[in-house]
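There are 2 protein chains.
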Amino acid sequence: MTKNYNVAVLGATGAVGEQMLNTLDRLDFPIASLKLLSSKRSAGKKITFKGEELTVEEAKPESFEGIDLALFSAGGSVSKALASEAVKRGAIVVDNTSAFRMDKDVPLIVPEVNEHALKEHNGIIANPNCSTIQMVAALAPVRERFGLNKLIVSTYQAVSGAGSEAIDEMYDQSRQILDGQEIDPQVLPVSGDKKHYQIAFNAVPQIDVFTDNGFTFEEMKMINETKKIMEDENMSVAATCVRLPVETGHSESVYIEVEKEGLDADKLRRILADAPGITLQDDPSQQLYPLASDSKGKDDIFVGRIRQDLDEKNGFHMWIVADNLLKGAALNSVQIAFSLVKLGLLK
Amino acid sequence: MTKNYNVAVLGATGAVGEQMLNTLDRLDFPIASLKLLSSKRSAGKKITFKGEELTVEEAKPESFEGIDLALFSAGGSVSKALASEAVKRGAIVVDNTSAFRMDKDVPLIVPEVNEHALKEHNGIIANPNCSTIQMVAALAPVRERFGLNKLIVSTYQAVSGAGSEAIDEMYDQSRQILDGQEIDPQVLPVSGDKKHYQIAFNAVPQIDVFTDNGFTFEEMKMINETKKIMEDENMSVAATCVRLPVETGHSESVYIEVEKEGLDADKLRRILADAPGITLQDDPSQQLYPLASDSKGKDDIFVGRIRQDLDEKNGFHMWIVADNLLKGAALNSVQIAFSLVKLGLLK
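Order-wise, the sequence lines are chains A and B. If you read the first sequence in this note's numbering, its first letter stands for residue 736, the second for the next number, and so on. If you read the second sequence in this note's numbering, its first letter stands for residue 736, the second for the next number, and so on.
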């Protein structure tokens, strides 16, 4: 007999929260009760889940009484304030913010890559950054067989990663430009940063604020999280993160150098074709390759444009695309919850 | 006393042709007479140059009688048919198509990189591919001092590189999507290829058709042309070329490994700040970095986001942006013409 769990979703009214609810429903997570939580501002909203209308409540420490599993996606400061309160009350928290990702006591999980690390959790489990998840999940099956020495990624990221106001800004700005009107950027590249730039019909090489070494936080997340998830501090990882006028679907141009000899593009394709959660879309003769526009609403990670480097025989190029709100956020969080159940870690 | 030249522009009615005329005017190229040539279809159109109305004529072999300098930008097949006819009649041809770029008897020129190679011309000089020009021009000053072993580029290319029908498709499609209408892609990624995909609010990893090795022609152009211009067959070069919904302005995420020790990000910035034709835009504290939207109509190549790799001390990342119709095409062609004059090669 399957046990059912008391589940809370914090940030239920946001873009990722909405996808979390869809995913819990769609994948039929064993729910005994569902509590929807948000900031005070969004409290009172009604959301229908499996035919039942639920009212969103303001999240407080005592909201987590009796909760087994809490999925957090309401921003880093909310996670910092409430995660330990939830854990104190017996919940396991799966946190989709960057608040705890690099804490050494917090496992950072992509189930198909490092599910085993869940066993060392202390109540909080972190869901990696969207752009990291799709990349490590696509590379893990290759790395397992051939090792991985070096990784260089340039991203083509969708605005939905910056929230619904960024989506609105992109569409409003697009219309203004088409109509020959002036634009007045207010949100992107980073809502809290000093300057804002045109995103419509543009490519902006800044996601999140800058760190002291000239890399952005988004780039450092990709670098540090990849090493943590792959449990290899010596791997060479570099990232350049770029925001595009795409609503949903992150694309990534990835170069890797594997450790062992003997890999070629066909072998790499076969490895990915057999990997769960990955759809190989790679047939140049049919112009078949992953597109952001095709990825929206899909659970899988799409990989194509696989080419052996012309100079470095252990070097390979590929194009990795996924729905940043699903595998990049909500789906991965729910998959972590399923892994917790499977491993008997959710009591 | 400066000599003036009889100049012909073939493809005068196209997007690049228009920029060629603007550039000849703006940089005050010493013109004795100007002849505008095109396909039969566009012949008869009127174009005003320096206050004088000129009629576009259909290009024929005899059109080049008495011409000293012919700038070609009317497609590869037109160049193949007419370049030798122009040369036979005493003209020097600067060809902006891919027709002759890899011919070993044809110099492939970016003046600030390999102007000296003009001396070996046999009548035809090739202008490189737009995405190649801005990259090699930005890297040349670094390479001169520190050598260059390895180069990996991921591009973010504008639709104007695919002609005016691609620009129209991008804007029309954008409006259709904003209005909730169906779209019907007919042009991009490659007008002559079998399948066409959404370009608005998307990122398409195909520019030009595919070659047998899985790289596209655009990618192979960047690889082969870079080696030819830099006169180094042993350099490791790789490219992934992606089309974006940007009208004009190619952006490139470039990773290089230099040969000699001792380069750091500050030194790299100083080298680029001092290089002619390059504008350094690199101040993370002010969110200053190159943007495609700022590059339109500008002659310079813009470089920013310069970072030393965190693992490879000779490795550097940067973001290179330029107007693909100017430095990427028309401006470089006119600069080649000025170099020919300077070197006494244009009689």
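Just so you know, even glycine gets a beta-carbon here, dropped at the ideal spot from N, CA and C.
Looking only at its own chain, which residues have a Cβ that is under 7 Å from the Cβ of residue i, when we skip the five neighbours before and after it?
{"i": "residue 868 of chain A", "result": "845, 1062, 1063, 1067"}
{"i": "residue 1071 of chain B", "result": "829, 844, 846, 860, 862"}
{"i": "residue 939 of chain A", "result": "923, 924, 932, 977, 978"}
{"i": "residue 755 of chain B", "result": "744, 806, 808, 1065, 1068, 1069"}
{"i": "residue 740 of chain A", "result": "765, 766, 767, 803, 804, 1081"}
{"i": "residue 748 of chain A", "result": "773, 777, 780, 791"}
{"i": "residue 881 of chain A", "result": "993, 994, 995, 998"}
{"i": "residue 852 of chain B", "result": "842, 844"}
{"i": "residue 902 of chain B", "result": "894, 895, 982"}
Could you check what DSSP says for residue i in three-state terms: helix, strand or coil?
{"i": "residue 1040 of chain B", "result": "strand"}
{"i": "residue 1053 of chain A", "result": "strand"}
{"i": "residue 824 of chain A", "result": "coil"}
{"i": "residue 1015 of chain B", "result": "strand"}
{"i": "residue 816 of chain A", "result": "helix"}
{"i": "residue 871 of chain A", "result": "helix"}
{"i": "residue 981 of chain A", "result": "coil"}
{"i": "residue 1066 of chain B", "result": "helix"}
{"i": "residue 805 of chain B", "result": "strand"}
{"i": "residue 1078 of chain A", "result": "coil"}
{"i": "residue 792 of chain A", "result": "strand"}
{"i": "residue 929 of chain B", "result": "coil"}
{"i": "residue 787 of chain B", "result": "strand"}
{"i": "residue 762 of chain A", "result": "coil"}
{"i": "residue 738 of chain A", "result": "coil"}
{"i": "residue 781 of chain B", "result": "strand"}
{"i": "residue 998 of chain B", "result": "coil"}
{"i": "residue 951 of chain B", "result": "strand"}
{"i": "residue 1023 of chain B", "result": "strand"}
{"i": "residue 881 of chain B", "result": "helix"}
{"i": "residue 830 of chain B", "result": "strand"}
{"i": "residue 922 of chain A", "result": "coil"}
{"i": "residue 751 of chain A", "result": "helix"}
{"i": "residue 993 of chain A", "result": "coil"}
{"i": "residue 849 of chain A", "result": "helix"}
{"i": "residue 908 of chain A", "result": "helix"}
{"i": "residue 811 of chain A", "result": "helix"}
Output needed for residue i: all residues of its chain with C-beta closer than 8 Å, excluding positions within five of it in sequence on either side, in chain order.
{"i": "residue 987 of chain B", "result": "866, 869, 870, 888, 889, 890, 891, 1054, 1055, 1056"}
{"i": "residue 925 of chain B", "result": "897, 941, 942, 943, 944"}
{"i": "residue 904 of chain A", "result": "894, 920, 921, 922, 923, 934"}
{"i": "residue 951 of chain B", "result": "941, 942, 943, 944, 945, 976"}
{"i": "residue 1042 of chain A", "result": "1000, 1051, 1052, 1053"}
{"i": "residue 792 of chain B", "result": "770, 771, 772, 773, 778, 798"}
{"i": "residue 1094 of chain B", "result": "Past the edges of chain B, shown from 736 to 1082, lies residue 1094 of chain B, and the structure says nothing about it."}
{"i": "residue 822 of chain B", "result": "828, 857, 858, 859"}
{"i": "residue 958 of chain B", "result": "950, 972, 973, 974"}
{"i": "residue 794 of chain A", "result": "745, 772, 773, 774, 809, 813, 817"}
When DSSP builds the beta bridges, which residues end up paired with residue i?
{"i": "residue 1004 of chain A", "result": "The partner list for residue 1004 of chain A (beta bridge, DSSP) is empty, contrary to what the question assumes."}
{"i": "residue 843 of chain B", "result": "B:861"}
{"i": "residue 771 of chain B", "result": "B:744"}
{"i": "residue 1123 of chain A", "result": "No answer is possible for residue 1123 of chain A: the residues shown for chain A start at 736 and end at 1082."}
{"i": "residue 939 of chain B", "result": "B:978"}
{"i": "residue 945 of chain B", "result": "B:951"}
Would you mind giving the Cβ-Cβ distance between residue i and residue j, rounded to the nearest angstrom? I have them listed as a contact below 8 Å.
{"i": "residue 960 of chain A", "j": "residue 836 of chain A", "result": "6 Å"}
{"i": "residue 1059 of chain B", "j": "residue 984 of chain B", "result": "7 Å"}
{"i": "residue 1038 of chain B", "j": "residue 1015 of chain B", "result": "6 Å"}
{"i": "residue 1030 of chain B", "j": "residue 980 of chain B", "result": "That belief does not hold up - the Cβ atoms of residue 1030 of chain B and residue 980 of chain B are roughly 16 Å apart, past 8 Å."}
{"i": "residue 760 of chain B", "j": "residue 785 of chain B", "result": "6 Å"}
{"i": "residue 1036 of chain B", "j": "residue 873 of chain B", "result": "5 Å"}
{"i": "residue 929 of chain B", "j": "residue 1022 of chain A", "result": "6 Å"}
Apart from the five residues just before and just after residue i, which ones in its own chain have a Cβ nearer than 6 Å to its Cβ?
{"i": "residue 800 of chain A", "result": "824"}
{"i": "residue 814 of chain B", "result": "807, 830, 832, 834"}
{"i": "residue 798 of chain A", "result": "772"}
{"i": "residue 884 of chain B", "result": "992, 994"}
{"i": "residue 1007 of chain A", "result": "1013, 1015, 1038"}
{"i": "residue 849 of chain B", "result": "964"}
{"i": "residue 955 of chain B", "result": "946"}
{"i": "residue 840 of chain B", "result": "857"}
Using a Cβ-Cβ cutoff of 7 Å, what residues of the segment 961 to 994 of chain B are near chain A? List them in chain order. 971, 973, 975, 977, 979, 980, 981, 982, 986, 988, 990
Looking at chain A, which residues of the segment 904 to 921 of chain B have a Cβ within less than 7 Å of any of its Cβ atoms? Along the segment 904 to 921 of chain B, going in chain order, the ones with a CB nearer than 7 Å to a CB of chain A are 906, 909, 910, 913.
Cβ-based contacts, 9 Å cut-off: residues of the segment 1003 to 1027 of chain A near chain B: 1017, 1019, 1020, 1021, 1022, 1023, 1024, 1025, 1026, 1027
Selection of the segment 918 to 942 of chain A by Cβ proximity to chain B, strictly under 8 Å: Taken in chain order, the members of the segment 918 to 942 of chain A whose beta-carbon sits within less than 8 Å of a beta-carbon on chain B are 924, 928, 929, 930, 932, 933, 936, 937, 938, 939, 940, 941.
Could you run through the segment 818 to 844 of chain B and flag, in chain order, every residue whose CB is less than 9 Å away from some CB of chain A? Listed by position along the chain: nothing, the set is empty.
Taking any Cβ of chain B, which residues in the segment 872 to 891 of chain A have a Cβ under 7 Å from it, in chain order? 887, 889, 891
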